[in-house]
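**Student:**
Residue numbers (the numbering used here): 172 to 367.
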């Protein structure tokens with residue numbers, strides 16, 4: 172399956188990392204782009220300028236795996252997402268439990284690319300992610316309550332577990348606030364204002 176093939180590609184060092192799915196998502200519109208065009212779109216979408224060599228290596232890997240097609244000459248290649256790459260991207264973006272992963276980068280990439288799917292799929296994803304986050308918050312709250320009770324009956328001087336669980340709860344609350352803001356933006360986009 173293409174998704175497994177893409178996920179199994181070797182990753183560059185973290186400091187030089189270019190997020191693979193973000194590159195694929197930036198090409199989801201079907202427009203062929205040069206490496207510089209992809210780098211510009213990456214920077215505009217994320218605020219981060221990708222390392223030129225890391226981006227070049229990522230593009231080569233994606234071409235070798237059949238995810239991207241190349242047009243133009245070797246001196247100025249343009250990259251376009253192939254049919255398998257588009258299908259892999261759609262599967263990855265809409266995969267269940269995406270927001271519950273501990274990898275913030277993967278969650279952030281999905282949120283950055285939410286506009287690449289249909290409005291109906293975007294609404295469905297936002298709703299599912301909100302439900303998953305609320306369930307995660309309930310689970311963390313139960314664990315924190317139990318940890319507070321355990322800490323009260325323990326001889327341990329510093330109650331670390333309750334504090335760490337509270338930190339995770341705050342992160343979930345921040346994620347929920349972000350999703351609420353995205354939902355408001357989506358609703359505003361879906362129902363454009365009427366001008367006389």
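Beta carbons are placed, not taken as given, at the ideal position from N, Cα and C, and that holds for glycine.
Between the Cα of residue 339 and those of 224, 309, 214, spot the shortest distance and give me the residue it belongs to.
**Tutor:** Of the candidates 224, 309, 214, the one whose C-alpha sits nearest the C-alpha of residue 339 is 309.
**Student:** For the beta strand (DSSP E) containing residue 249, list its first residue and its last residue.
**Tutor:** Residues 249-252.
**Student:** Assign residue 192 to one of two classes, buried (16 or more other C-beta atoms within 10 Å of its C-beta) or exposed (fewer than that).
**Tutor:** The residue in question, residue 192, is buried, as its Cβ has 16 or more Cβ neighbours within 10 Å.
**Student:** For residue 336, which residues from the same chain have a beta carbon less than 7 Å from its beta carbon, with the 5 sequence-adjacent residues on both sides left out?
**Tutor:** The answer, listed in chain order, is 311, 314, 315, 318.
**Student:** Let's see if you can read the secondary structure: which residues bound the alpha helix (DSSP H) around residue 242?
**Tutor:** Looking at the DSSP string, residue 242 is not in any alpha helix (DSSP H); the run it does join, the beta strand (DSSP E), is 239-242.
**Student:** Mapping the DSSP letters down to three states, classify residue 205 as helix, strand or coil.
**Tutor:** Reduced to three states, the DSSP call for residue 205 is strand.
**Student:** Measure the beta-carbon distance from residue 243 to residue 253 and round it to whole angstroms, keeping in mind my assumption that it falls under 8 Å.
**Tutor:** With 8 Å as the limit, residue 243 and residue 253 do not qualify as a contact, their Cβ atoms being about 15 Å apart.
**Student:** What distance in whole Å lies between the Cβ atoms of residue 281 and residue 264, which are believed to be in contact at a cut-off of 8 Å?
**Tutor:** Residue 264 to residue 281, Cβ: 6 Å. Contact.
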